[in-house]
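Asks: I am attaching a structure below and will ask some questions about it afterwards.
In the numbering used here, the protein residues as written are 552 to 742.
Below you can see the structure in the form of structure tokens.
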């Protein structure tokens, strides 16, 4: 095996070498897609739901409801039931033991049940809310891109803010639909 000698470069030569090395950022083609945002001078993949939770705009119930809706959406549209779990983890093995391996018929019945759940949400919250859930959770695009699609004639800052507010409101409605939030009891005034 060859041994590499350490090169004795001057400081100027090292700067040139470091300058020629590729930086660790997404390719220009990848940056054209709508799921990346420039945050604080860095290009990051947008994680809209966790950003809303971090800012305190939505509750943990809304995050749980979003995950539940996303699992149903991915399973109904793509056929992946365990994309949030590690393959062959103990949790995945327990589900296989619990439900059995099944066949094509049972698999398609399960997908139909997931589609039915999505349809129930769509009927309860409406077509517009469903479309926003698909953009936010299904396509996982940024608030900027959602705002550009929904409010094309507003300024970019207003587009992002409007999209953020609407998505937060819809996620809270989704949590209420799934029953994670208890209804507020009416205040009874004593005469």
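We treat Cβ as the ideally placed atom computed from N, Cα and C, and that holds for glycine.
What does a CB cutoff of less than 7 Å around residue 714 pick up in its chain, not counting 5 residues either side in sequence?
Replies: 694, 697, 698, 701
Asks: Three or more C-beta pairs closer than 8 Å, one from the segment 610-626 and one from the segment 658-675: is that the case here?
Replies: yes
Asks: Select from 684, 677, 711, 678 the residue whose C-alpha is nearest the C-alpha of residue 622.
Replies: Ranking the options by Cα distance to residue 622, first place goes to 684.
Asks: Along the chain, where does the alpha helix (DSSP H) containing residue 720 start, and where does it finish?
Replies: 707-729
Asks: Starting from residue 628 and walking both ways along the alpha helix (DSSP H), at which residues does that stretch end?
Replies: 611-629
Asks: Secondary structure at residue 608, three-state DSSP: helix, strand or coil?
Replies: coil
Asks: Are residue 706 and residue 599 close, meaning C-beta to C-beta below 8 Å?
Replies: no
Asks: Between 716, 712, 617, 667, which has its C-alpha nearest residue 689's C-alpha?
Replies: The residue from 716, 712, 617, 667 with its alpha-carbon nearest to that of residue 689 is 617.
Asks: Starting from residue 690, trace the alpha helix (DSSP H) in both directions and tell me its first and last residue.
Replies: Note, residue 690: premise wrong, no alpha helix (DSSP H); not H, not E.
Asks: Alpha carbon to alpha carbon, how far is residue 681 from residue 610? Give it in angstroms, no decimals.
Replies: 20 Å
Asks: Where residue 645 and residue 692 are concerned, what is the direct C-alpha to C-alpha distance, given to the nearest angstrom?
Replies: 33 Å
Asks: Less than 8 Å between the CB atoms is what I'm expecting for residue 721 and residue 676, so what's the real figure, rounded?
Replies: 7 Å
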